[in-house]
Every structure is written in structure tokens, then in C-alpha cells.
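Engineer: For the sequence shown, our numbering gives the first residue as 192, with consecutive numbering after it.
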Amino acid sequence: MNATAQMPKTHPASRALSEALLSTNGALDESRVSLAACVFDAPLRLVDPGAFLNSSWFGHQAMKPLYPASVVKLFFLDALAVFREEGRLAEDAEDDRAAEQMMAISSNEATVYLVGRLTGADDGALLQGKALEEWCAARHRVQQWYESQNRPEFAGINVLHGTYEDSPYGRAKQIRNGKNGNLLTALSAAALMHDIARGARARSDWMMGLMNREFQRHPNDADPEGDQVL
């Protein structure tokens, strides 16, 4: 698989990107956009096309690491599914509740809780010396798991932190130290979503169910005004 092999500007996603940028009347240009996309004419579960990089995909700054905001929640959900499947983390109803809220309403509190569960490194007061070193090492558990997969799609990502309303505090602030924030690429997010949709990740059906937006599209049979995008 070649993470740099991309389709030419005749790809439908390239045309869609150009049209979307034109619609902003200059408020947004291509230097501020990253994109990785495949276009299919059938649901992925019906005709599995294989891995994202084996498909005819279009990329624009697709491997540029960027601050991902709430997109990182998809990666924590994926880690939760695998850690449970492999027995690294016991099944727990509170984890289910947190996962549901993390995906349904993009709850930051639920995300911080799950990061603590996945890593064993909960948020809390400031730490010093060896205690801080050990806590920071534990906090890398999810990141190290993604690195261990040796997938070119996941190159350059940094998946360490929960998401916060304003700022992390205490030891969660210490680990950042003004840098070392979460980073994802358009390719990493597209490839993970692609694998979940085609059923290639652990508990894909469960994750797809949590991402279902029907409740948002048709609230009380009203006309939909749009969807929340991860």
C-alpha cells in the first residue's frame, strides 16, 4: 500500500473540493483544507473494496498532521472496541454510557473519562518527578497501540488527550507543556472510518450504531437542517 499514491484532479472528490472552495467566495482556500476521500456507488458492507489505500482515493494535504478537535473521539472509540475485544479492558456499563454520549452529543466529559479508562492515567492534580513520568508513560497507551499497527495511514498522528471545554488542568496540562497536542491527518481519519464502515475493525457494528445520526436528521419528523459531522 502506498500512502502517497493519489488520484488526479479528475477524481470526483477533487471536483467537489474545488466547488466547495469556490462557494466560500475566497473566505477559504486550498491551503487551509486537508482531504482524503474515496467515492463508492454501493454500501461498503455489500461490496467490500478492501483497505482505503487499495482504493482509488483522492488526497489534498492528506498526510499533513493537524489539530483534530472532536474527530479524535473516533480513535478513542476504536481503541475502546479493540481493548474490550482483546480483553485488555473489562466490559463496563459506564463505559458504554460514556461511549454513547461521546458519539451522540460529542461529550468532552465522556471523552476524558474514557481516555482515563483506556490508559489508566486519569486526570487529576499536578504531579512531580517520577509520579509524573509514570503517569505520562501510561497516558501513551492508546498512541502506542496505534503505532504498533505499523500502518502508513496512521503515520504522524498523536492520540494522547481528552477534549476539554476550555483547557486541561493539572497533570493533563502538564503532559502538554505547550506542545504535544492531539494530531490527526485527513488520511488517518478517512482510513479508520473506511475500515469501520466496511466491518474491518473490531466491533464495527457497535461503532456504526453509535454513529447513527437518524435521531438528528428527523427530530419529531421535522425537516432536517443538517448533520453533526465527527
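Virtual Cβ for every residue (Gly too), placed ideally from N, Cα, C.
1. Please report the residue range of the alpha helix (DSSP H) in which H428 lies.
2. Whole angstroms is fine: what's the gap from D239's alpha carbon to A211's?
3. Go ahead and pull the three-state DSSP assignment for G307.
4. From this set, N245, H352, A377, which residue's C-alpha is nearest Q365's C-alpha?
5. Report the partner residues of L257 according to the DSSP bridge assignment.
6. Please identify the residue among T215, S214, A233, W248 whose C-alpha is closest to the C-alpha of H202.
7. Going by DSSP in three states, G361 sits in which element: helix, strand or coil?
8. Excluding the 5 residues preceding and the 5 following F274 in the sequence, name in chain order all residues of the same chain whose CB lies nearer than 7 Å to its CB.
9. Quick check: the stretch 258-270 against the stretch 383-396, are there 3 or more CB pairs under 8 Å?
10. Mind checking if R362 is an interface residue toward chain B, Cβ cutoff 9 Å exclusive?
11. Where N403 and K321 are concerned, what is the direct C-alpha to C-alpha distance, given to the nearest angstrom?
12. Look at the alpha carbon of T376 and the alpha carbon of W326, and state the distance between them as a whole number of angstroms.
13. For the stretch 203-282, which segments carrying the beta strand (DSSP E) assignment without a break, of at least 3 residues, lie completely within its bounds, in sequence order?
14. In three-state DSSP terms, what is N349?
15. Do A218 and A380 come within 9 Å of each other at the CB atom, strictly closer than that value?
Structural biologist: Once the coordinates are examined:
1. Outside the displayed range of the chain (192 to 421) lies residue 428, so it cannot be described from this structure.
2. Walking along the sequence shown from the start, residue 239 turns up at place 48. Walking along the sequence shown from the start, residue 211 turns up at place 20. D239 and A211: Cα-Cα distance of roughly 29 Å.
3. Taking the first residue of the sequence shown as 1, we reach residue 307 at position 116. Helix.
4. Translated into the one-based positions of the sequence shown, residue 365 becomes position 174. The residue with the shortest Cα to Cα distance from Q365 is H352.
5. Within the sequence shown, residue 257 is the residue found at index 66, counting from 1. Beta-bridge pairing links L257 to L375.
6. Looking up residue 202 in the sequence shown gives position 11. Closest option to H202, Cα to Cα, is W248.
7. As a first step, residue 361 is located in the sequence shown; it is residue number 170 there, counting from the start. The answer is coil: DSSP assigns G361 none of H, G, I, E or B.
8. Within the sequence shown, residue 274 is the residue found at index 83, counting from 1. Once the five neighbours on either side are set aside, the close Cβ partners of F274 are L280, L309.
9. yes
10. The chain labelled as chain B is not found in the depicted structure, where only one protein chain is given.
11. Position 212 of the sequence shown holds residue 403. Position 130 of the sequence shown holds residue 321. If you take the alpha carbons of N403 and K321, they lie about 43 Å apart.
12. Walking along the sequence shown from the start, residue 376 turns up at place 185. Walking along the sequence shown from the start, residue 326 turns up at place 135. Whole-angstrom Cα-Cα distance: 26 Å.
13. 226-229, 248-251
14. Numbered from its first residue, the sequence shown carries residue 349 at position 158. DSSP places N349 in strand when its eight states are reduced to three.
15. For the purposes of this step, residue 380 is taken as residue 189 along the sequence shown, with counting starting at 1. For the purposes of this step, residue 218 is taken as residue 27 along the sequence shown, with counting starting at 1. Contact: no.
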